[in-house]
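Read the structure below first, then the notes.
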Amino acid sequence: GATLSKGLNRALATLVAGCIAVGAHQLAELAERYSDQGEPVMLTVLVFFVASAATFLRFIPEIKA
């Protein structure tokens, strides 16, 4: 019932978070090719956007519940 659903939801969320992290790493590596400071700048920008999205997603009623 609910326990299985909650477990699958958490597993899917972990998988999505891992995919986002791998994508961020790939973008940072790509930025490093163009500039010496590309990787830290790209990671900073990506962390900012992910944190902003997580903050604003909390206000959606379906996610809040």
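Throughout, the numbering used here is defined as the position within the sequence shown, counted from one, plus 1. Glycine included, each C-beta is placed from N, C-alpha and C at the ideal position.
For the 8 Å CB-CB criterion, residue 12 and residue 47 do not form a contact.
Boundaries of the alpha helix (DSSP H) around residue 49: 39 to 58.
Per DSSP, reduced to three states, the secondary structure at residue 36 is coil, with no helix or strand assignment. No Cβ-Cβ contact shorter than 8 Å links residue 22 with residue 43. With contacts defined as CB atoms closer than 8 Å, residue 32 and residue 40 qualify as a contacting pair.
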